[in-house]
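Trainee:
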Amino acid sequence: MSLNTSNTPDGNGVLIYNGEMILLYTTHVKMTFSHANSAVFKGTKTGSLYLTSHRIIFMNKSKTDALKSFSMPFQTLRDVKLEQPLLTPNYLKGGAQALPDGQYEGEVEWRLSFPKGGCVEFGQTLLHATEIASRMGPFNAPPPYTQCFPCVYYFAPAGCYMPPPGSFNGFQAPTDIFPEKPKEEAGGGQGVRRDATVPHAYAPWIKALSSKSAH
């Protein structure tokens, strides 16, 4: 995982790597952390959540919070669970291992809740992703992060990072549950992409699903 490496300097845009696809997007998600040795993780964070072909990205709505963005490539996740208690809302929880040069060292435990609904659908998709990535991760571990600023990035064309309608490489994202799309205008949401020389990590679970669909 990495801290504040997936946002533009002004905090208004998310940085998406070349070759990365946004599979699911939703807003008004709440995120909390535990067992972290930094004050930046204290308190409840509210913002937007991206599930891409490579990772999960949380973008904090607050412009004054020290935590601007939080990225968790699938290979860094551990013990991801979808909790469905009887008397309280559903939530996702798990742990994440810090990546080299990810602005943090060690591990953190995280928890995601979805006040607008969709926790089960998002969680099932994420669990499927992490299960496949866990089998392939040792052979395809992500490289260290490069320094985010300064970096070359530019506004993405409309729909640049959204998968085509229907299945994407044999994978059908539950977009009917998450109809929202990231903003494409300048300064917000999907409207910025990072021109990285090498993508941070390819999506082993998407490739595995594609191979399965061919048989």
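Under full-length UniProt numbering, think of the first position of the sequence shown as 1, with each following residue one higher.
Cβ atoms here follow ideal geometry from the backbone N, Cα and C, with glycine treated the same way.
1) Helix or strand or just coil, what does DSSP make of residue 44?
2) When DSSP builds the beta bridges, which residues end up paired with residue 96?
3) With residue 28 as the anchor, note down where its beta strand (DSSP E) starts and where it stops.
4) Who are the near neighbours of residue 26 in its chain, counting only those whose CB is closer than 8 angstroms to its CB and skipping five residues on each side?
5) Tell me which residues share the same chain as residue 102 and place their Cβ nearer than 7 angstroms to its Cβ, disregarding the 5 neighbours each side in the sequence.
6) Considering only the beta carbon of each residue, do residue 70 and residue 58 sit closer than 8 angstroms?
7) Just tell me which of 23, 130, 61 and 68 has its CA closest to the CA of residue 77.
8) Please determine, among 19, 55 and 94, the residue with the shortest C-alpha to C-alpha distance to residue 32.
9) Would the beta-carbon of residue 11 fall within 8 angstroms of that of residue 63?
10) Mind checking residue 53: buried by the 16 CB within 10 Å criterion, or exposed?
11) Less than 8 angstroms separating the beta-carbons of residue 40 and residue 67?
12) Measuring only the C-alpha atoms, how far is residue 46 from residue 55?
13) Check this for me: beta carbons of residue 51 and residue 125, under 8 angstroms apart or not?
14) Cutting at 6 angstroms between CB atoms, please list the residues of its own chain near residue 44, excluding the five before and the five after it.
15) Using the C-alpha atoms, what's the distance from residue 42 back to residue 106?
16) Cβ of residue 98 within 8 angstroms of Cβ of residue 91?
17) Shortest alpha-carbon distance to residue 79 belongs to which of 109, 86 and 120?
18) Just mark residue 87 as buried or exposed, buried being the case when its beta carbon has 16 or more other beta carbons within 10 Å.
19) In angstroms with no decimal places, state the Cα-to-Cα distance between residue 20 and residue 89.
20) So is the beta-carbon of residue 84 under 7 angstroms away from any non-hydrogen atom of the ligand NAD?
Mentor: Let me lay it out:
1) If DSSP states are grouped into helix, strand and coil, residue 44 belongs with coil.
2) Note: residue 96 sits in a beta bridge opposite 77 and 108.
3) For residue 28, the enclosing beta strand (DSSP E) stretches over residues 22-34.
4) Answer for residue 26: 48, 49, 114, 116, 118, 122, 178 and 180, listed in chain order.
5) The answer, listed in chain order, is 1, 2, 3, 5 and 145.
6) Yes, these two residues count as a Cβ contact at 8 angstroms.
7) Among 23, 130, 61 and 68, the Cα nearest to that of residue 77 belongs to 130.
8) Of 19, 55 and 94, the residue nearest in Cα terms is 94.
9) A contact, by the Cβ cut-off of 8 angstroms.
10) So residue 53 counts as buried.
11) Inclusion of residue 40 and residue 67 in the CB contact set at 8 angstroms is warranted, their separation being smaller than that value.
12) The alpha-carbon atoms of residue 46 and residue 55 are separated by roughly 19 angstroms.
13) Against a cut-off of 8 angstroms, the Cβ pair of residue 125 and residue 51 comes out as a contact.
14) Excluding residues within five positions, the ones whose Cβ falls inside 6 angstroms are 30 and 32.
15) Cα to Cα, residue 106 sits roughly 16 angstroms from residue 42.
16) In this structure, residue 98 sits away from residue 91, with a CB-CB distance that is not shorter than 8 angstroms.
17) Measuring C-alpha to C-alpha distances from residue 79 to each of 109, 86 and 120 identifies 109 as the nearest.
18) Under this definition residue 87 is an exposed residue.
19) So the two alpha carbons sit approximately 31 angstroms from each other.
20) The ligand NAD is absent from the structure shown, which contains no ligand whatsoever.
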